[in-house]
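Here the sequence shown is numbered in our numbering, starting from 2 and rising by one per residue.
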Amino acid sequence: MMGEVLNLIKHDELVNYWKSFFPKSNEISDIEELIANVSGKRFEEFIYEYNVNDDSLLQSMIWSGITRQELLDSILGNLKNQNMWVYFYEPVLKKYIDKLFAAVDKSNIIEDKNIFLQQAIHNTLNLLHLAGFQTIIAEIYYARQDSILRGDSSIDRGNYYNEVLLKDNEYRKEIYRNYPELIRILDIKVKYSVEFIIKIINDTEKEINEIENRLNDGKSLGKIKTMSMGEGDTHNDGKSVSKLIFNTDKIIIYKPRNLAIEEKYREFLQWLNSTAVDDGYKLVAAKVYSIEDAGWMEFIEYHDCKSREELAGFYYKVGLLMCVLYTTNGIDIHHENIIAQGDTPVLVDLETFIHPDFSDEYELKSAPLLAMKELGNSVTKNILLPTYVTNKNNNKILDLGGLSGTKEQESPFATKFIENYGTDEVRVKIMHAAIEAKGNNPSIKGEVADSKCYREEIIDGFKNMYKWILRNINLYIDKIEELFSDVIVRIVYRPTNVYAQLLYSSYHPDLLTNNVDRKVFLHRIANKKDEKSYKMNLLEIHDMLQGDIPYFYVKGNGVKVKGIHSKDSGVKLKSSTIGTIKDKVTNMSQTDMYRQISIINSKLMIEPVKQETVTEFQKSGVRKWNESKFIRASEKIADYLLARSIAGKSDQGNDRTWFGSQESEIGYNIYKPMDNSIYYGLSGIAMFFSLLKQLSDSPQYRNIEKEVCETIIRQIPESIHEINTEDIDIGAFSGLAGAAYSLFYIDFNNKNNTYNQTIYNIMKIIENKIDVLKKFDIIREAGIIGVMLTIYTKSDNMLMKSKSLELAKRIYQRLEKEAIVIDGLPGITWSRKGYIGYAHGNAGVIAQIYRLYSITRQEKIKILVNKALLFERASYVEKEKNWKRSIDETNFSCGWCHGAPGILMSKLQLLKWGFRDEMIDKEIQIAISTTISSGLKRDWCLCHGDMGNLVILKEAGIVLNDESLYRQSVSTIEPFIEYLVGIMETEDFKQYENNGFMLGLAGIGYEILRIDREDNMPNIMALE
2 MMGEVLNLIK HDELVNYWKS FFPKSNEISD IEELIANVSG KRFEEFIYEY NVNDDSLLQS
62 MIWSGITRQE LLDSILGNLK NQNMWVYFYE PVLKKYIDKL FAAVDKSNII EDKNIFLQQA
122 IHNTLNLLHL AGFQTIIAEI YYARQDSILR GDSSIDRGNY YNEVLLKDNE YRKEIYRNYP
182 ELIRILDIKV KYSVEFIIKI INDTEKEINE IENRLNDGKS LGKIKTMSMG EGDTHNDGKS
242 VSKLIFNTDK IIIYKPRNLA IEEKYREFLQ WLNSTAVDDG YKLVAAKVYS IEDAGWMEFI
302 EYHDCKSREE LAGFYYKVGL LMCVLYTTNG IDIHHENIIA QGDTPVLVDL ETFIHPDFSD
362 EYELKSAPLL AMKELGNSVT KNILLPTYVT NKNNNKILDL GGLSGTKEQE SPFATKFIEN
422 YGTDEVRVKI MHAAIEAKGN NPSIKGEVAD SKCYREEIID GFKNMYKWIL RNINLYIDKI
482 EELFSDVIVR IVYRPTNVYA QLLYSSYHPD LLTNNVDRKV FLHRIANKKD EKSYKMNLLE
542 IHDMLQGDIP YFYVKGNGVK VKGIHSKDSG VKLKSSTIGT IKDKVTNMSQ TDMYRQISII
602 NSKLMIEPVK QETVTEFQKS GVRKWNESKF IRASEKIADY LLARSIAGKS DQGNDRTWFG
662 SQESEIGYNI YKPMDNSIYY GLSGIAMFFS LLKQLSDSPQ YRNIEKEVCE TIIRQIPESI
722 HEINTEDIDI GAFSGLAGAA YSLFYIDFNN KNNTYNQTIY NIMKIIENKI DVLKKFDIIR
782 EAGIIGVMLT IYTKSDNMLM KSKSLELAKR IYQRLEKEAI VIDGLPGITW SRKGYIGYAH
842 GNAGVIAQIY RLYSITRQEK IKILVNKALL FERASYVEKE KNWKRSIDET NFSCGWCHGA
902 PGILMSKLQL LKWGFRDEMI DKEIQIAIST TISSGLKRDW CLCHGDMGNL VILKEAGIVL
962 NDESLYRQSV STIEPFIEYL VGIMETEDFK QYENNGFMLG LAGIGYEILR IDREDNMPNI
1022 MALE
């Protein structure tokens, strides 16, 4: 009976311990089901394995001397300065090292065999060190705690451990016995490493004549002087890319796989050079020689460029390659896989030059899913362009892009380092590693070029290759099919860093004390619940149990996915790699070309593109256009937008989305399917198509509003319990409040309540976040007041009216609480930078909270407004007739976001809601004058361009009852629209995503239609 109780306790302890490996799973039954689906085993079977003691591996270690012990002693003695714990690994090294000694003795291609052996064993020890160092550090700690170390200092005691205990067989046996999984890994790694080194020697010696003929122009390479393993991840039983340095100082790269794809790539570039590429821009591939299961590649040396023209040529060629890689779905061209050889970019790892589509198949093709798939297959896929890995916890980023990394970077994720190495106080320290710059970008006179400065050259190369392929689609497809149908294609099932992180985590000492814990731990890799994923997970775990990064492959024209240790994984592709490429190339088009170029522009943008106009303010005020012209202009904008949209089908019906580019909060551009915001996203577009539906006779626009709204509501959680609200933007222009605003107005105009429940859901999310608001400007959270007051004043639903007013008041309370005083300046503001303008500063907040005052008549609101006005007015600069952007900026802007036009709109709103004081009339006139004189010709958008400023001037005409100003504004809009419709047809315009509301065409189209209808359609820029 007691034995059953003890077994039950053991069972429960083990299962609960294993549960801790899966922090996202709450139920033990869920974890057991996942593991069973992947491995076919229940917990009982793992517990049985856990309790089986098998010391046969321990007994197989060599604890006594070997035939060449003196040589091994000499090598380990030389290496202990580089790895102080070499003697820990001695028993497992001895088990296999005689085979290596014998192979090296027999070889005739090695210059100095002792030096070579030392280098080979050093490489092997590096592999062992990665798996074993954490355990050794733990054992040093235990030895120190047990006072078994000898010496007067920490260094002396460390030396005692390294030189005495780690040579003591009884001590080593005890550690080996306590960590059977570690010893299994070490045994595998030594065995595979020795076999691999012997294979490199034998292959190279056997094939040396062909290697010299193919890679060295027939000249002798001499003998191998040194060898460096670990030039990449280990796959296929511990094999990795290795560097052979000959005594002629020539370097050859040995790759442990067939290099047929590299050979075909070289043929492919030669064909392109003869058919598609202009003289002076010929593409280069590394020379290779391949046998059945291995190959050799010439070492591509980094060279400076000799002139700026060569730099430009390098990036033009990058554009050519980028287009080719786009067509072949090539991936993984990160900064280590491209070398700048003067003016020529050379790819040095081609195993993913072509790549299959391994994505899941969906029965329903909703627009967001289609957009994500299209983005996944875009020019970003090959990661030549900036590709950011971000740690959301610390906002650190790492750019892995093939054209990035011109300077040393810091890893955003902490990794394990050894501190106090060589002492008895050695420990693992978590630090951020430095990622050194590679030779992927060209340089001139030692100065490395930045690809962002050569954006136009990259685009020119991309565009010219794309247009050539469009003209020769069948020829291009036939050549790809001819060359690559029979090659072996590697499948990158998931990012290598995901495997590496899990693999190194699995070397924690706690997971190495038996042969089961680590196996269970590696099931963390399973993150999808479908049969295909489970089959792949099983193969992944098998490879990682061997200490390798998982490796999968498929034949170019095949569909059966294979693993290194499984020739039939049971997983099939939907289409062969060649079939997927054929489909992609067949569907290439000018629209797609411009989309890819817009992605390149977004990724390589240094500063916002200047889209200057020729607009002149029309003081005559003579109008030439009638209503039908305005509608036709808006229809042209709509047609442009629809041509660039992604249409799909969801459970609820048709849906639609677009792509857009926006700057992240940590400073880089993100190209992605549109979010729900007004500023960048779908809510603004929905408002445009809602108004166009009412005014256009064309039936093609009737359902677009509904399709866009369908996408919006699918992207809004139905319950706050479904999501982590911390990551949700609830802002008025930037987030969910803007979606509520648009959905409310669409219902209001359609005289129904279709979206009431969605609006309530948004209100609940806003309510849930009120206490943690951080961004108090109109773009974001302060603007929610305006949204809620619009709903309050327009809705006839008493519950909605009550809730919206309550939320407006609560956000005001946060504004009241979070107001700050900046030393040396009067009044209050809401950010330490002291922004002034409408979008980000006091002007917008003042307008919306005074609007709240006009409803509640709470005197404290008026007092807060006056304090905020003091701060705003202190930023006015008489000489400029304008208001500062912020307290520390010396430059002036002139748009809705910053400067006089936004200030003007704020003052106009104050007037509308009944505010009066002795300064406001003068301020309005100054702002009008400055907007007219300085607010045109800089851009065309609503946010900081002509149309936004003209809308504000037009609004001034309405509020001030100044018919002349209104006519002047409209008569200026007319030629502006003609100009804009004209440039919409240009290539330069199409090479950017101009789809959004505040920065794009949707906002222009909306405001065109609002002309003469201002009383019936809201001024969205004012959240009215």
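Ideal Cβ positions, reconstructed from N, Cα and C, are used throughout, including at glycine.
Range covered by the alpha helix (DSSP H) that runs through T857: For the purposes of this step, residue 857 is taken as residue 856 along the sequence shown, with counting starting at 1. Going by DSSP, T857 is part of the alpha helix (DSSP H) stretching over N843 to T857.
Extent of the continuous alpha helix (DSSP H) run through L905: In the sequence shown, the residue the question calls residue 905 occupies position 904. In the DSSP assignment, L905 falls within the unbroken alpha helix (DSSP H) covering A901 to K913.
According to DSSP, residues forming a beta bridge with G557: Counting from one through the sequence shown, the residue named residue 557 turns up at place 556. Paired residue(s): none; G557 is not in a bridge.
Status (buried if at least 16 other CB within 10 Å, exposed otherwise) for N995: Numbered from its first residue, the sequence shown carries residue 995 at position 994. Of the residues assessed, N995 falls on the buried side of the cut-off, its CB having 16 or more other CB atoms within 10 angstroms.
Residues that DSSP places opposite A121 in a beta bridge: Residue mapping note: residue 121 aligns to position 120 of the sequence shown, counting from 1. Answer by DSSP bridge pairing: none, since A121 is not bridged.
Coarse secondary structure for S452, derived from DSSP in three states: Counting from one through the sequence shown, the residue named residue 452 turns up at place 451. Here S452 sits in helix by DSSP.
Expected contact under 8 Å - CB spacing of A740 and S684 to nearest Å: Position 739 of the sequence shown, counted from the first residue, corresponds to residue 740. Position 683 of the sequence shown, counted from the first residue, corresponds to residue 684. Contact holds; Cβ gap of about 5 Å.
CA-to-CA distance, E817 to N950, given in whole angstroms: Locating residue 950 in the sequence shown gives position 949, counting from the first residue. Locating residue 817 in the sequence shown gives position 816, counting from the first residue. Roughly 30 Å between the two C-alpha positions.
Residues bridged to R428 [DSSP beta-bridge criterion]: For the purposes of this step, residue 428 is taken as residue 427 along the sequence shown, with counting starting at 1. DSSP output for R428 lists E420 as bridge partner(s).
C-alpha gap between E881 and G402, whole angstroms: For the purposes of this step, residue 881 is taken as the residue at position 880 of the sequence shown. For the purposes of this step, residue 402 is taken as the residue at position 401 of the sequence shown. Those two C-alpha atoms are separated by around 43 Å.
DSSP three-state assignment for V93, whether helix, strand or coil: As a position in the sequence shown, residue 93 is number 92, starting the count at 1. Three-state DSSP puts V93 in a helix.
Y746 in three-state terms, based on DSSP: Locating residue 746 in the sequence shown gives position 745, counting from the first residue. Per DSSP, reduced to three states, the secondary structure at Y746 is helical.
Rounded separation between D584 and G548 - CA only: Along the sequence shown, one-based indexing puts residue 584 at 583. Along the sequence shown, one-based indexing puts residue 548 at 547. If you take the alpha carbons of D584 and G548, they lie about 38 Å apart.
Length-filtered (3 minimum) beta strand (DSSP E) runs lying within the segment 266-335: As far as the segment 266-335 is concerned, its whole beta strand (DSSP E) runs of at least 3 residues are 289-291 and 296-299.
Residues of its chain near I600, where Cβ-Cβ distance is below 7 Å and the 5 sequence neighbours each way are ignored: In the sequence shown, counting from the first residue as 1, residue 600 sits at position 599. S379, V380, T381 and Y672.
Option nearest E352 by Cα separation, candidates D358, T345 and G331: Stepping through the sequence shown from its first residue, residue 352 is reached at position 351. If you compare the alpha carbons of D358, T345 and G331 with that of E352, the shortest gap goes to G331.
At least three beta-carbon pairs within less than 8 Å, the segment 220-227 to the segment 135-153: Verdict: no, contact absent.
The segment 157-175 in contact with the segment 445-452 per 3-pair CB rule at 8 Å: The answer is no - the segment 445-452 does not touch the segment 157-175, with fewer than three Cβ pairs under 8 Å.
Same chain, Cβ closer than 7 Å to N1020, neighbours up to 5 away in sequence not counted: Locating residue 1020 in the sequence shown gives position 1019, where the first residue counts as 1. Excluding sequence positions up to five before and after N1020, its CB lies within less than 7 Å of the CB of E956, all in the same chain and listed in chain order.
Own chain partners of I459 with C-beta closer than 6 Å, once the 5 adjacent residues on each side are dropped: Taking the sequence shown and counting its residues from 1, the one referred to as residue 459 is at position 458. These residues qualify, in order along the chain: Y316, V319 and G320.
Enclosing alpha helix (DSSP H) for Y1007 [first to last residue]: Position 1006 of the sequence shown, counting from 1, holds the residue named residue 1007. Unbroken alpha helix (DSSP H) run through Y1007: L1002 to R1011.
With 16 other Cβ atoms within 10 Å as the buried cut-off, status of Y143: Looking up residue 143 in the sequence shown gives position 142. Flag for Y143 reads exposed.
Strand pairing of P369, partner residues [DSSP]: If you number the sequence shown from 1, residue 369 lands on position 368. Beta-bridge pairing links P369 to no other residue.
Cβ-Cβ distance between P92 and W64 below 8 Å: The count along the sequence shown starts at 1 and reaches residue 92 at position 91. The count along the sequence shown starts at 1 and reaches residue 64 at position 63. Contact: yes.
Reduced DSSP category for Q410 - H, G, I as helix; E, B as strand; rest coil: Against the sequence shown, residue 410 aligns to sequence position 409. DSSP places Q410 in strand when its eight states are reduced to three.
Exposed unless 16 or more other CB atoms sit within 10 angstroms - verdict on D400: The residue given as residue 400 occupies position 399 in the sequence shown. D400 comes out buried.
Secondary structure of D204, DSSP reduced to three states: Working through the sequence shown from its first residue, we reach residue 204 at position 203. In the displayed model, D204 falls within a helix according to three-state DSSP.
CB contact flag (R657, V709, <8 Å): If you number the sequence shown from 1, residue 657 lands on position 656. If you number the sequence shown from 1, residue 709 lands on position 708. Yes, they are a contact pair.
Contact between the segment 497-508 and the segment 574-582 (3+ Cβ pairs under 8 Å): A contact is defined here as three or more CB-CB pairs under 8 Å, and the segment 497-508 fails this definition with respect to the segment 574-582.
Residues sharing a beta bridge with C895, DSSP: Within the sequence shown, residue 895 is the residue found at index 894, counting from 1. C895 pairs with G900.
Best match in V325, Q342 and D1016 for proximity to Y467 [C-alpha to C-alpha]: Here residue 467 corresponds to residue number 466 of the sequence shown, with the count starting at 1. Ranking the options by Cα distance to Y467, first place goes to V325.
Beta carbon of I862 nearer than 8 Å to that of L853: Position 861 of the sequence shown, counting from 1, holds the residue named residue 862. Position 852 of the sequence shown, counting from 1, holds the residue named residue 853. A Cβ-Cβ contact shorter than 8 Å links I862 with L853.
Counted within 10 angstroms of its Cβ, other Cβ atoms place S30 as buried (16 or more) or exposed: Residue numbering aside, residue 30 sits at position 29 when the sequence shown is read from its first letter. Taking a 10 Å sphere around the C-beta of S30, we find fewer than 16 other C-beta atoms and assign the residue as exposed.
Cβ-based burial, L800 [other Cβ within 10 Å; buried from 16]: The count along the sequence shown starts at 1 and reaches residue 800 at position 799. Classification of L800: exposed, given that the 10 Å Cβ count is below 16.
Residue burial classification, F197 (beta-carbon count within 10 angstroms, cutoff 16): Within the sequence shown, residue 197 is the residue found at index 196, counting from 1. With 16 or more other CB atoms across the displayed protein chains lying within 10 angstroms of its CB, F197 is buried.
V623 classed as buried or exposed, judged by whether at least 16 other C-beta atoms fall within 10 angstroms: Here residue 623 corresponds to residue number 622 of the sequence shown, with the count starting at 1. It counts as exposed.
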